[in-house]
Amino acid sequence: MSNAICQASELLPLLGGATNATAAATYICDRFTTVAYAVDNTYLLFSAYLVFAMQLGFAMLCAGSVRAKNTMNIMLTNVLDAAAGGLSYYLFGYAFAFGGPSNGFIGRHSFALHNFPSASFDFSFFLYQWAFAIAAAGITSGSIAERTQFVAYLIYSSFLTGFVYPVVSHWFWSADGWASPTRTTGKLLFGSGVIDFAGSGVVHMVGGVAGLWGALIEGPRIGRFDRSGRSVVLRGHSASLVVLGTFLLWFGWYGFNPGSFLTILKAYGSPGGYYGQWSGIGRTAVTTTLAGSTAALTTLFSKRLLVGHWNVTDVCNGLLGGFAAITSGCSVVEPWAAIVCGFVASWVLIGLNKLAEKVHYDDPLEAAQLHAGCGAWGLIFTGLFATKHFVEEVYGSDRPYGLFMGGGGKLLAAQLIQILVVFGWVTFTMGSLFLGLQKIQLLRISSNDEMAGMDLTRHGGFAYLYNDEDDPSQKPGSFMMRRVEPSGGSTPSPTPYDKPSALLVSSATLLEQLTGEVDDDPPS
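For the record, in the sequence shown the residue sitting at position 206 is 206 according to UniProt numbering, with numbers rising by one throughout.
See the structure below:
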């Protein structure tokens, strides 16, 4: 709903005693209000397009971070996140998130967009929120890459975008949510509600914690740790794709964070001033930029000191960690505070990566450490550094603000509660789902298929073909493509198009010859 609403009574003095002055004033105001709705909707739609463009960034980042033999698989899962998420969010997700009037736990109206659009929400709002939902699912896919059955991706992606994520967004973003700062009924949590402006907790922690449990339940990839427990680096095959994906995500973040204002035509203070919501949008873009930039530079020099070289993929992950952290408080902190946020986020990511190696946790994209860890830091950061002036502009007067800014500890307490409930909710729902999939043997692929690569065994080829002779489909008997996912301990039968004598070992050998990949086991 637009904030730029004109009242006929405001125009009457300007029209003086002209004939039909009241009718003229009403006409002018109606036209002005229509234009205001159009401008705000256009702004929201443009922001939605930017957030959706982040899916391309996720796809490139994921593709570059995995080995060449799994590139097609991870790209297809990113397409699946958007497609399956589109249907599940349309049918159920939006209703669970914003289908009011409802209770504080879950929405219960507007299934399949029934009674849409309304004076409060238009289709552009649905599109914007859907783009957020599939972003959470994309985070999870990175944690469980290179070893997960394709049907498991389909199930978890639909469940996450259709139920798990919408419930969390209802709690913290809807007008009925029990911890929402915009709640219209009942008391606000600690007189404040949780300030998670663009989703450090709602999006990044949800996706990161879901990925954490998926990766823990599946276990590490074959060869990630040697027999003595030492860490073995399984490098992604393309730093170029990682950098491309990072820049696309950076670009999309300007829709993710500033776009969360939802509208642009709102004046702060007296009407006619130069200062308004458009200024807050610009400030939010600045804080986002500073946090990511600081995190990238901190990671660059820190890793240089720790490992002795400049690592581009580490810098890209550090940059994204800074973005994930600032997402919560981007609209309510000073630009200098964003630098603090990015600096600490870099060390949070470095520390969690060290811890992951110690406990033999394997996450090919560092998604849980980056999104869940830095997202949690971002929520704490907001509780410490939120500025009174900006909090009142965005959320209203008489609100608690950051502890370090003299606002007491109420906001920080609300932020800590969000961390706990998000972790608990996602652990219960997604952890149970992944355990169930493991129980019925629909979660992890077989070790033979993992060694050969999912592109070959699930998708019938490779992501990169330098000439037709490299295409396995032109060499009958040289590879075996699975028709169905493996179940139990048995090996599935070949499809009718495969030679009965085909051995999966020959697939791995062929893959090494074509791509130059080496065995995953470290040298003895």
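Just so it is clear, CB atoms sit at the ideal spot from N, CA and C, and this is done for glycine as well.
Option in the options with minimal Cα separation from residue i
i: Val394; options: Thr298, Asp363, Ile350, Ser279; result: Ser279
i: Asp226; options: Asp362, Gly436, Thr288, Val168; result: Asp362
i: Leu296; options: Thr284, Gly85, Leu320, Leu305; result: According to the sequence displayed, residue 296 carries Ala and not Leu. Minimum Cα distance to Ala296 is reached at Leu320.
i: Thr457; options: Ser446, Phe126, Val286; result: Ser446
i: Ile84; options: Leu265, Ala48, Phe159, Ala285; result: Looking at the sequence shown, residue 84 is not Ile but Ala. Checked all of Leu265, Ala48, Phe159, Ala285; the closest Cα to Ala84 is Phe159.
i: Asn103; options: Thr185, Phe381, Gly460; result: Thr185
i: Gly57; options: Leu91, Thr140, Tyr128, Leu241; result: Leu241
i: Phe172; options: Gln149, Phe96, Met451; result: Phe96
i: Met54; options: Asn311, Asp81, Trp347; result: Asp81
i: Val232; options: Ser238, Ile222, Ala239; result: Ile222
i: Leu305; options: Leu365, Trp347, Met454; result: Trp347
i: Phe247; options: Leu50, Pro181, Val307, Gly375; result: Leu50
i: Tyr254; options: Asp30, Leu44, Thr26; result: Leu44
i: Tyr193; options: Leu91, Phe261, Leu443, His170; result: Residue identity differs from the one stated: residue 193 is Gly in this sequence, not Tyr. Ranking Leu91, Phe261, Leu443, His170 by Cα distance to Gly193 puts His170 first.
i: Glu334; options: Phe261, Phe105, Ser432, Val286; result: Val286
Whole-angstrom distance between residue j and residue i, CA atom to CA atom
i: Ser487; j: Gln438; result: Reliability fails at Ser487, whose pLDDT of 45 lies under 50, so the model's placement of it is uncertain and no value is given.
i: Gly408; j: Tyr401; result: 7 Å
i: Leu349; j: Val35; result: 45 Å
i: residue 531; j: Thr22; result: No statement about residue 531 is possible, as the shown extent of the chain runs from 1 to 524 and does not include it.
i: Lys358; j: Val315; result: 22 Å
i: Gly252; j: Ala24; result: 43 Å
i: Ser490; j: Trp178; result: Note that Ser490 scores a pLDDT of 41, beneath 50, so its modelled location is shaky; the value from the coordinates is reported in the next line. Taking the straight line joining both Cα atoms gives about 49 Å.
i: Arg147; j: Leu189; result: 41 Å
i: Val421; j: Leu465; result: 47 Å
i: Pro258; j: Gly219; result: 38 Å
i: His389; j: His309; result: 43 Å
i: Ile28; j: Met72; result: 56 Å
i: Ser493; j: Leu443; result: Note that Ser493 has pLDDT 42, beneath the 50 cutoff, so the model's placement of it is unreliable and the number below is only indicative. Going by the C-alpha atoms only, they are around 19 Å apart.
i: Gly375; j: His459; result: 34 Å
i: Asn78; j: Asp398; result: 43 Å
i: Ala38; j: His360; result: 52 Å
i: Phe126; j: Val307; result: 45 Å
i: Gly453; j: His204; result: 29 Å
i: Ile281; j: Thr26; result: 31 Å
i: Ala356; j: Ala135; result: 23 Å
Unbroken alpha helix (DSSP H) run spanning residue i, endpoints
i: Met75; result: 71-88
i: Met430; result: 410-439
i: Ala405; result: The amino acid at residue 405 is misidentified as Ala; the sequence shows Met. Element bounds for Met405: n/a, residue is neither H nor E.
i: Gln129; result: 123-143
i: Ser102; result: Segment: none, Ser102 is in no alpha helix (DSSP H) and carries neither H nor E.
i: His114; result: Here His114 belongs to no alpha helix (DSSP H), and DSSP marks it neither H nor E.
i: residue 531; result: Within the shown structure, residues of the chain are numbered from 1 to 524, placing residue 531 beyond reach of any answer.
i: residue 532; result: Because the chain is modelled from 1 through 524, residue 532 falls outside the range shown and cannot be assessed.
i: Ser346; result: 335-358
i: Met205; result: Neither: Met205 is in no alpha helix (DSSP H) and is coded neither H nor E.
i: Ile326; result: 312-326
i: Thr387; result: No alpha helix (DSSP H) holds Thr387; DSSP gives it neither H nor E.
i: Asp449; result: 447-452
i: Pro166; result: 165-173
i: Tyr94; result: 94-98
Close-in-space but distant-in-sequence residues of the same chain around residue i (CB under 7 Å, 5 per side omitted)
i: Leu379; result: Asp196, Ser200, Gly201, Ser328, Gln415, Gln418, Ile419
i: Met75; result: Ala59, Ala63
i: Asp311; result: Note that residue 311 corresponds to Asn in the displayed sequence, not to Asp. Once the five neighbours on either side are set aside, the close Cβ partners of Asn311 are Lys303.
i: Asp455; result: Lys69, Asn70, Thr71, Met72, Asn73, Gly461, Phe462, Ala463
i: Ala239; result: Gly64, Val312, Thr313
i: Arg224; result: Val232, Leu234, Asp362
i: Leu300; result: Trp310, Val315
i: Ile106; result: Phe96, Val167, His170
i: Ala112; result: Tyr90, Leu91
i: Phe132; result: Val51, Gly199, Val203
Cβ shell of residue i (< 8 Å), same chain only, five flanking positions each side left out
i: Pro117; result: Phe123
i: Ile339; result: Leu290, Ala291, Thr294
i: Leu403; result: Gly383, Leu384, Gly409, Leu411, Leu412
i: Asn353; result: Glu366, Gln369
i: Ile155; result: Leu433, Leu437, Leu442
i: Ile217; result: Gly431, Phe434, Leu435, Gln438, Leu443
Cβ shell of residue i (< 6 Å), same chain only, five flanking positions each side left out
i: Ser143; result: Gly211, Gly214, Ala215, Asp363, Ala367, Ala368
i: Val209; result: Ala372, Phe423, Val426
i: Thr429; result: Val164
i: Leu244; result: Met60
i: His237; result: Arg67, Ala68
i: Arg108; result: Gly99, Ser102
i: Gly342; result: Ala291, Thr294, Ala295, Gly322
Assumed close pair residue i, residue j - CB separation to whole angstroms, cut-off 8 Å
i: Phe256; j: Ala198; result: 6 Å
i: Thr298; j: Cys330; result: With a Cβ gap of about 18 Å, Thr298 and Cys330 do not count as contacting.
i: Gly162; j: Ser88; result: 3 Å
i: Ser47; j: Tyr153; result: No, Ser47 and Tyr153 are not in contact; Cβ-Cβ is about 27 Å, not under 8 Å.
i: Trp377; j: Val344; result: 6 Å
i: Ser110; j: Tyr90; result: The pair is not a contact, with the Cβ atoms about 10 Å apart (cut-off 8 Å).
Any chain D beta carbon closer than 8 Å to residue i
i: Lys358; result: Annotation note: the requested chain D is absent from the structure, which comprises a single protein chain.
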